[in-house]
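See below for the structure under consideration.
Protein chains: 2
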Amino acid sequence: MKRILTHLKSQTRCSKRHTSSYVQGQPDGPTMKTAFPGPKSLAQKAALQNMQAAGGVSFFADYNKSLGNYVADVDGNVLLDFLMQISSLPLGYNHPRISEAMRDPKNISRLTTRPALGFIPPADWMDQLNSTLMSVAPAGVDGVQLMMCGSCGNEYAFKAAFIYHQAKKRGGALPTAEENESCLWNKKPGSPDLAILSFENAFHGRTTGSLSTSHAKPVHKLDFPTLDWPHAPFPQLKYPLEKHVKENRNEEQRCLNEVERLIDERAAIGQSVAGIVVEPIMAEGGDHAATPEFYKQLQAICKKRDIVFIVDEVQTGVAITGKMWGHEHWGLESPPDITVFAKKMITAGFFYKKHLIPEQGHRIFNTWMGDPHKLVILEAVLEVTKEEKLIENMATQGVRLKEGLQKLQEKYSDQVSKVRGVGSFLAFDGSSPEARDSIIRRMGDKGVLALGCGSQSLRLRPANIIEQCHADIFINTLDEVLKET
Amino acid sequence: MKRILTHLKSQTRCSKRHTSSYVQGQPDGPTMKTAFPGPKSLAQKAALQNMQAAGGVSFFADYNKSLGNYVADVDGNVLLDFLMQISSLPLGYNHPRISEAMRDPKNISRLTTRPALGFIPPADWMDQLNSTLMSVAPAGVDGVQLMMCGSCGNEYAFKAAFIYHQAKKRGGALPTAEENESCLWNKKPGSPDLAILSFENAFHGRTTGSLSTSHAKPVHKLDFPTLDWPHAPFPQLKYPLEKHVKENRNEEQRCLNEVERLIDERAAIGQSVAGIVVEPIMAEGGDHAATPEFYKQLQAICKKRDIVFIVDEVQTGVAITGKMWGHEHWGLESPPDITVFAKKMITAGFFYKKHLIPEQGHRIFNTWMGDPHKLVILEAVLEVTKEEKLIENMATQGVRLKEGLQKLQEKYSDQVSKVRGVGSFLAFDGSSPEARDSIIRRMGDKGVLALGCGSQSLRLRPANIIEQCHADIFINTLDEVLKET
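Respectively, the protein sequence lines represent chains A and B.
Going by our numbering, the first sequence runs without a break in its numbering and finishes at 1780.
Going by our numbering, the second sequence runs without a break in its numbering and finishes at 1780.
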């Protein structure tokens, strides 16, 4: 172990002669001129509170000076960014291929004029969908629906489930006059008692429907009326996984049994579960995942009961787990009925199967239904992802990052536990919420950004263009911080 | 009357020598090569249904060939567009000033890299907000919050109202442990029984919270679970307004009384109304408006009861009524507590007053909180709006359009009724839903696009760059269609 850490230690900056860089001209390491966040950021944050909710602001960035894996701030600091705008920038900052796409005269109309895409689509709309979104769709899905954000992606995925459920119930009959009238007033039978079942610690967004399936933190939900929908326990696995196989299997079965019990319990009081939504790794809720067997069994429950199986890949999608979609690690025989995306996918929306596409118009519908500007960016992102083999890169870097974290877990077993994750989608627990916060703060002071999740976890959410030296800077900086404690 | 119509009739195209055009190079009138929608559009629509919900598609456009007030379609037709992507394009298609902003090298980073604006704002964030959104804010508001769409704008406006309501109730105390825990499971007291009161025929969006305040059409709501929130009747005014002053005043008072009765009725069963939301003109619900006195009284009820007064200007905002905001026509002494915007404002969000800005972070929060690309567009839109005096233009063109509609109402009193609206935000009723649909279809065949609303209304939603000849083409085409019936 010592040998490896010494080796890592020697690599605290990227070599300037490094030739395999995915983005040329990046800094070779962080440069810090102030404590972090710096005085200018703090002053601007205080001022901003007078005109908008600024309590969630971390710092103010100089995006013109940011490049690749590095973000510049208003205090002259340059930081290695392992949180990437809450995991939303697949190619980091100011990637030259995206800039090039923005400058390409053939794209100018798509940047200038945003049409109502569900109402008056552009001439080549199907080609655009096929060459971008459908080219990376989970195998076996039929279509894709675009939305403006992940939360809306989930809201409309739920709608597709509700429409399917009620159409099945009607058996081909038209809705009754009573249904059409009562729905207008938020009343049964038109606005029926249907539910989406979700899991403890899940996070699916902040609009009322998706918020009703989120159970991660009070700050997301306090004071907001929500729908009375059921939540099942999510398996709390023991680590290391290989030492607790049987116990963990039992824990997963307990949760699956609860799912079935809850569906029956709700049915008994007149509420039908039309869909189940789950993240491949619960990110906001603390980077918890179950084993592939759990998700397979969950899908089997959905199939058995004809419930729509919705997988929320807003944070797990687009290469970071070492596969395009996190659920590819499960080995499902058929894809989820609906796969929701956003963040690193640039546009939000969901993939779905044919039986869920409503025949009647204006039901899965709103004014914008996506954004051509975002598809121009996505084209560049997917081209670069393929050319540079970034999915494989995130698998490779993930191995190095996870090994580094595991070594630190051995070295600082009182400070680091539950190293976990798939590909480069990694996390560990600090010894307490305060200890975790302190690690994040001191890493910031040394020029490396990471993000908390759950009560005391720290998550790594790098861009898909990290290289070995960036992984090493992250691990070595964390080592330095832990050493000081 | 005859004289005026004859005069209008002579103006069926814009003069090619016309020099005051807001957008140079526009066609001088529609060109139709097929029935509308044409065969290529219909074939593409059928194909698209295999991969997404396409029932709401009207036609497929060639956006590269569209300019100003004219949209080109895939069948070689060019139409004068008086619906403008559901009233979302303030400067029409491919406006040169927006294209120029897209090409400006100083904007390239804002087009390339989308940050999490509520988490890591750009260095000049406050300057950007002040020079764009706040420069056109209703007088007396303090701040602005950005969102991705109008529906989310309303959802988060509702949240601001709920946070304010509960903070007031706590009187400075922290939330209890029971509140923090129960909210996670969608239960009281943390997820309290609060409501937003809305009106019959309102439309505020399609995510679950905003959908619970929408009561326009079953197609928006059928099969979707919603929150049990109250709706009040909205004044059904008699036209012409000047002949029914007293009756209409009584009708408005009846509705205001109902608002107060509903608030008390809900309070009696434990539900508190924290906010009231209303559109200056109910667009989707049929272009209904009340008199300024109604809205003043509604604001007075809110003030008396300390309920948050939310005005949804998603469709009425940005010049089309002849003022920047529709509610400016009411002559309020102080602005609404919250004014929600989207569509022609390019970005979505809301203006609000200081007492509604939450001090605690991460409550009015999500990943994106707006989009820099949209602010680049908005800068150009607001500059052009000011330079070209487009607010005044929409007042001026509105006079001509409304006069034209009124003449047609006199001429075809069996086919056209209830001509109404403010500025260029105009509508009339057809004699039946089918007759209205037929008018829209036949206008399409003649190369002029309009949009239905409510059960049998036709609404005009032109871009803010229409000129006299565009108004005349619209009126004359409508005249031709009505004449054929």
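For glycine and all other residues, C-beta sits at the position ideal for the given N, C-alpha and C.
Please read these numbers as outputs of a predicted model, since none were measured by experiment.
For A/P1653, at least one C-beta of chain B is nearer than 8 Å to its own C-beta. The bridge partners DSSP lists for A/M1577 are A/H1583. By a beta-carbon distance limit of 8 Å, A/H1657 contacts B/V1514. Their separation comes to about 5 Å.
Taking a Cβ-Cβ threshold of 8 Å, none of the residues of chain A is close to B/A1614; the smallest such distance is about 18 Å. Each of A/M1327, A/G1351, A/F1377, A/L1362 was checked against the Cα of A/R1756, and the nearest Cα belongs to A/F1377.
A buried status is given to B/Q1461, since no fewer than 16 other beta-carbon atoms sit within 10 Å of its beta-carbon.
A/L1593 and A/F1645 have their C-alpha atoms roughly 20 Å apart. DSSP places B/R1308 in the coil class of the three-state scheme, outside both helix and strand. Between A/M1664 and A/A1614 the beta-carbon gap is near 25 Å, outside 8 Å, which marks them as no contact. Excluding the 5 residues flanking it on each side, A/S1629 has same chain C-beta neighbours closer than 6 Å at G1435, in chain order.
At a beta-carbon threshold of 9 Å, none of the residues of chain B lie near A/V1573; the nearest stands roughly 17 Å away. When Cβ pairs closer than 8 Å are counted between the two stretches, the segment 1520-1533 of chain A is seen to touch the segment 1580-1593 of chain A, the count reaching three or more.
Taking a contact as a CB-CB distance under 8 Å, the pair A/L1386 and A/I1760 counts as one, their CB atoms being some 6 Å apart. Rounded to the nearest whole angstrom, the CA to CA distance from A/R1737 to A/L1700 is 17 Å. In the three-state reduction of the DSSP assignment, A/M1442 falls in the strand class. For B/R1737, the three-state secondary structure derived from DSSP is helix.
Exposure of A/L1469 is indicated by the presence of fewer than 16 other C-beta atoms within 10 angstroms of its C-beta. In this chain, A/R1405 is not harboured by any beta strand (DSSP E); it is covered by the alpha helix (DSSP H) spanning 1403-1407.
A/I1605: member of the beta strand (DSSP E) spanning 1603-1607, first to last residue. Look at B/L1469 here: in three-state DSSP terms it is coil, with no helix or strand label. Within the segment 1502-1527 of chain A, the residues whose Cβ lies closer than 7 Å to some Cβ of chain B are T1502, T1503, G1504, S1507, H1510, P1513, V1514, K1516, L1517, D1518, F1519, P1520, T1521, L1522, D1523, W1524, H1526, listed in chain order. Between B/P1322 and B/V1373, the beta carbon gap of about 5 Å places them in contact (Cβ cut-off 8 Å). In the DSSP assignment, B/C1748 forms a beta bridge with B/S1752. Taking 8 Å as the cut-off, the Cβ atoms of B/T1611 and B/E1560 do not count as close.
A distance of 8 Å or more separates the beta carbons of B/H1510 and A/H1668.
Straight-line measurement puts the Cα of A/D1488 at about 47 Å from the Cα of B/L1362. Take A/E1608, set aside five residues on each side of it, and the residues of its chain with a beta-carbon closer than 8 Å to its own are E1574, P1575, W1620, G1621, H1622, T1634, V1635, F1636, in chain order. Between A/S1726 and A/Q1710, the CB-CB gap stays under 8 Å. With fewer than 16 other Cβ atoms from the protein chains shown falling within 10 Å of its own Cβ, B/K1598 counts as exposed. Taken in chain order, the complete alpha helix (DSSP H) segments of 4 residues or longer contained in the segment 1651-1698 of chain A are 1667-1682. At a cut-off of 8 Å between C-beta atoms, B/G1350 counts as an interface residue with respect to chain A. For the set A/H1650, A/M1346, A/E1555, the Cα lying nearest the Cα of B/Q1347 is the one of A/H1650. Residue-level contact by beta carbon holds for A/D1488 and chain B, with a gap shorter than 8 Å. Under the Cβ criterion (8 Å, minimum of three pairs), the segment 1408-1423 of chain B counts as touching the segment 1351-1358 of chain A.
Membership of B/L1536 in any beta strand (DSSP E) is not indicated, and neither H nor E is assigned to it by DSSP. Taking the C-beta atoms as reference points, B/D1370 is found nearer than 8 Å to B/T1329.
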